[in-house]
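Student: In our numbering, the protein residues as written are 6 to 102.
Before I ask anything, here is the structure I am working with.
Next comes the structure, spelled out in structure tokens:
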């Protein structure tokens, strides 16, 4: 799945299968060293619906994700900041006033 020479249709098929396998277990997999790579690959190559499913499963653990050493920063920050962007903007605006 992470191979660079993998055909796009085969990668799409593998990612769909992976999405079904990790459904309901994402929060457990993210915090394990060897399994966090699986979630990273799923987020990198998956379609929007699979990404949305993963982010909804991780919804309550954003602080723990930010502190985790197993999930790379390139995937952690968009996951955490995109849902919280409006909240962060509102807090910054309130502090200025």
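Each residue gets a CB set at the ideal place from its N, CA and C atoms; glycine is no exception.
Everything numeric in this text was worked out from a predicted model, so none of it was measured.
In whole angstroms, give me the CA-to-CA distance for residue 17 and residue 11.
Tutor: Residue 17 sits at position 12 when you count from the first residue of the chain shown. Residue 11 sits at position 6 when you count from the first residue of the chain shown. Distance between the alpha carbons of residue 17 and residue 11 is about 10 Å.
Student: Grouping DSSP H, G and I as helix and E and B as strand, with all else coil, what is residue 63?
Tutor: What you label residue 63 is simply residue 58 of the chain shown in a count that begins at 1. Reduced to three states, the DSSP call for residue 63 is coil.
Student: Closest by CA to residue 69, which one among 13, 37 and 50?
Tutor: Counting from 1 along the chain shown, the entry for residue 69 is found at position 64. It is 37.
Student: Tell me the rounded alpha-carbon separation between residue 73 and residue 46.
Tutor: By 1-based counting over the chain shown, the position of residue 73 is 68. By 1-based counting over the chain shown, the position of residue 46 is 41. Each residue's Cα considered, the two are about 17 Å apart.
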